[in-house]
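A quick write-up on the structure given underneath.
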Amino acid sequence: MATIKSFEDIEVWQRARAFSLKIYDLTQEGSFAKDYSLRNQINDASGSVMDNIAEGFERGGNKEFINFLSYAKGSAGETRSQLYRAVDRKHITEETFVNLKTEALAISKMISGFMSYLQTSSIRGSKFLEPFEGYGNHPISDTDLSETN
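Under full-length UniProt numbering, the residues of the sequence shown are numbered 1 to 149, in order.
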């Protein structure tokens, strides 16, 4: 079982980061690069998924973390909606649309699973732990997050 010591250890954050980079790379090409409004919106929304996971983790408590995971899930939904606009405007192919939509849905499901885990966990978050040697390296859980898929 993995111990999570930083948001970078969280599998869904890693996946959201890779997804955000895919979106960014896509928006730098062809007609998408010239649709400034949609390009900026979809980059902001896809980046917000990973950012909200990180911010929630850094808050140190499960209630706040769950709240920020909810924001991250919402941003994944916003990104999916913007993918529809991208395919409708012919900025991306149907195949690219399906692949990215599937990835966004998978990330949303991972976030939901993580939220469910945190809601039922007896671990309240790192800010509730007693200080110990190596202060600042509190693990938030002792579970392998890949089990929440």
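For every residue, glycine included, the Cβ atom is placed at its ideal position computed from N, Cα and C.
Neighbourhood of Lys73 by C-beta, 7 Å cutoff - its chain only, sequence neighbours within 5 removed
Counting from 1 along the sequence shown, the entry for residue 73 is found at position 73. Taken in chain order, the residues that qualify are Ser108, Ile111, Ser112.
Considering only C-alpha positions, which residue in the set Leu21, Ser116, Leu118, Arg59 is nearest to Ala45?
Indexing the sequence shown from 1 puts residue 45 at position 45. The candidate whose alpha carbon is nearest that of Ala45 is Leu21.
Residue from Thr102, Ser116, Asp9 with nearest C-alpha to Thr79
Numbered from 1 along the sequence shown, position 79 holds the residue referred to as residue 79. With respect to the C-alpha of Thr79, the residue from Thr102, Ser116, Asp9 having the closest C-alpha is Thr102.
Among Ser31, Asp35, Gly60, Tyr84, which has the Cα closest to the Cα of Ser6?
Taking the sequence shown and counting its residues from 1, the one referred to as residue 6 is at position 6. The option with the nearest alpha carbon to Ser6 is Gly60.
For a minimum of 4 consecutive residues, which ranges assigned as the alpha helix (DSSP H) are wholly contained in the stretch 53-102?
The stretch 53-102 contains these whole alpha helix (DSSP H) runs: 62-88.
Do the CB positions of Leu118 and Phe68 come within less than 8 Å of each other?
Translated into the one-based positions of the sequence shown, residue 118 becomes position 118. Translated into the one-based positions of the sequence shown, residue 68 becomes position 68. Against a cut-off of 8 Å, the Cβ pair of Phe68 and Leu118 comes out as no contact.
From the DSSP output, in three-state form, read off Ile111 for me.
For the purposes of this step, residue 111 is taken as residue 111 along the sequence shown, with counting starting at 1. The answer is helix: DSSP assigns Ile111 an H, G or I state.
Option nearest Ser37 by Cα separation, candidates Arg89, Leu100, Met50:
As a working mapping, residue 37 is identified with position 37 in the sequence shown. Scanning Arg89, Leu100, Met50 for the CA closest to the CA of Ser37 turns up Arg89.
Closest by C-alpha distance to Glu58, when choosing among Glu94, Ile4, Ser116:
Start at 1 with the first residue of the sequence shown, and residue 58 comes out as number 58. Relative to the Cα of Glu58, the nearest Cα in the group Glu94, Ile4, Ser116 belongs to Ile4.
In three-state terms, what does DSSP make of Gln28?
To locate residue 28, count along the sequence shown from 1; it is residue 28. If DSSP states are grouped into helix, strand and coil, Gln28 belongs with coil.
Under 8 Å between the Cβ atoms of Ala104 and Phe32?
In the sequence shown, residue 104 corresponds to position 104, counting from 1. In the sequence shown, residue 32 corresponds to position 32, counting from 1. At the C-beta level, Ala104 and Phe32 stay beyond 8 Å of one another.
Own chain, CB closer than 7 Å to Arg17, minus 5 neighbours either side, in chain order:
On the sequence shown, position 17 is the one that residue 17 refers to. The residues are Met50.
If you count every other CB in all the chains shown that lies within 10 Å of the CB of Gln82, and 16 or more means buried, which is it?
To locate residue 82, count along the sequence shown from 1; it is residue 82. Under a 10 Å Cβ-count criterion, Gln82 is classified as buried, with 16 or more other Cβ atoms of the shown protein chains found around its own Cβ.
To which residues of the same chain is Phe97 closer than 6 Å at the C-beta, ignoring the five residues directly before and after it?
What you label residue 97 is simply residue 97 of the sequence shown in a count that begins at 1. Excluding five sequence positions before and after Phe97, the CB atoms of its chain that fall closer than 6 Å to its own CB belong to Leu83, Val87, given in chain order.
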